[in-house]
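Enquirer: In this note's numbering, the protein residues as written are 489 to 574.
Positions of the beta carbon are idealized from the N, C-alpha and C atoms, including for glycine.
Since we're looking at a predicted model, the values are computed, not measured.
Could you have a look at this structure, given as structure tokens, before my questions?
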């Protein structure tokens, strides 16, 4: 298992400071670590499509964001992902 602190440290080293996603019990340690840090920002999303939209907006603002989702939430990203280029 990957150490959460090391994982977030690696993302920060790459310039990622923004995280978004739908809270879930599986991702709780990761979300809690992101929330506890002063140099990172977590934006709560009500669904995975919203999280993807938030990350896309950050990308347009020249920021890098991570969308946190479980494997079951990945399917919920398909429609928003395919409609973004329009």
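#1: Among the candidates 489, 511, 522, whose CA atom is the shortest distance from the CA of residue 500?
#2: For the alpha helix (DSSP H) that residue 572 lies in, which residues bound it at each end?
#3: Alpha carbon to alpha carbon, how far is residue 531 from residue 548? Give it in angstroms, no decimals.
#4: Between which two residues does the alpha helix (DSSP H) containing residue 543 stretch?
#5: Alpha carbons only, please: which of 513, 503, 508 is nearest the one belonging to residue 534?
#6: Could you compute how far the alpha carbon of residue 545 sits from the alpha carbon of residue 557?
#7: Since residue 554 contacts residue 504 with CB under 8 angstroms, what's their CB separation in whole angstroms?
#8: Once DSSP output is grouped into helix, strand and coil, what is the label at residue 533?
#9: Just checking residue 499 against the ligand SAH - is the residue's beta carbon closer than 7 angstroms to any of the ligand's heavy atoms?
Expert: Based on what the coordinates show:
#1: 522
#2: Annotation: residue 572 is outside any alpha helix (DSSP H) and is labelled neither H nor E by DSSP.
#3: Approximately 16 angstroms, taken between the alpha carbons.
#4: 536 to 548
#5: 508
#6: 18 angstroms
#7: Residue 554 to residue 504, Cβ: 6 angstroms. Contact.
#8: coil
#9: Absence of the ligand SAH is noted for the structure shown, with no ligands found whatsoever.
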